[in-house]
Amino acid sequence: MPGFELFSDEERKHVNDVLETGVLFRYGFEGARNGHFKALEFEKKLAQITGAGFSHLCSSGTAALCTALAACGIGAGDEVIVPPFTFVATFEAVI
Numbered sequence: 078m079p080g081f082e083l084f085s086d087e088e089r090k091h092v093n094d095v096l097e098t099g100v101l102f103r104y105g106f107e108g109a110r111n112g113h114f115k116a117l118e119f120e121k122k123l124a125q126i127t128g129a130g131f132s133h134l135c136s137s138g139t140a141a142l143c144t145a146l147a148a149c150g151i152g153a154g155d156e157v158i159v160p161p162f163t164f165v166a167t168f169e170a171v172i
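In terms of the numbering used here, the sequence shown opens at residue 78 and continues consecutively.
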């Protein structure tokens with residue numbers, strides 16, 4: 078399958094580190110993690126690279142949009158303008 082060659086042994090090791098713990102969740106289970114906090118490490122590195130004060134990984138684009146709206150203080154009753162032709166997540170996050 079095209080694209081498989083993009084993953085080296087280093088990427089496989091990072092994925093296997095997480096899979097071997099059996100913990101696929103971002104928070105909790107500190108004892109079972111065996112010192113692996115890949116999401117936290119990635120968030121810190123991403124914030125550093127982009128110059129942001131912080132970053133937060135999301136499970137999907139929809140979740141990212143909902144998080145961004147909440148972070149901006151946008152809530153029920155606020156007007157949010159979206160394009161008329163867009164992906165469902167754009168307006169789904171608003172409603």
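We treat Cβ as the ideally placed atom computed from N, Cα and C, and that holds for glycine. Nothing here was measured: the structure is a model prediction, and the numbers come from that model.
Starting from residue i, trace the alpha helix (DSSP H) both ways and give me its first and last residue.
{"i": "residue 123", "result": "115-127"}
{"i": "residue 133", "result": "Unbroken run through residue 133: none, as it is neither H nor E."}
{"i": "residue 86", "result": "86-98"}
{"i": "residue 165", "result": "165-169"}
In whole angstroms, what is the alpha-carbon distance linking residue i and residue j?
{"i": "residue 143", "j": "residue 171", "result": "7 Å"}
{"i": "residue 117", "j": "residue 89", "result": "18 Å"}
{"i": "residue 167", "j": "residue 139", "result": "7 Å"}
{"i": "residue 91", "j": "residue 100", "result": "13 Å"}
{"i": "residue 112", "j": "residue 86", "result": "20 Å"}
{"i": "residue 110", "j": "residue 129", "result": "27 Å"}
{"i": "residue 97", "j": "residue 105", "result": "16 Å"}
{"i": "residue 146", "j": "residue 122", "result": "23 Å"}
{"i": "residue 154", "j": "residue 107", "result": "39 Å"}
Between residue i and residue j, how many whole angstroms is the CB-CB distance? I'm expecting something under 8 Å.
{"i": "residue 134", "j": "residue 103", "result": "7 Å"}
{"i": "residue 124", "j": "residue 131", "result": "5 Å"}
{"i": "residue 157", "j": "residue 151", "result": "6 Å"}
How about residue i: is its C-beta nearer than 8 Å to some C-beta of chain C?
{"i": "residue 172", "result": "Chain labels in this structure do not include chain C; a single protein chain is all it has."}
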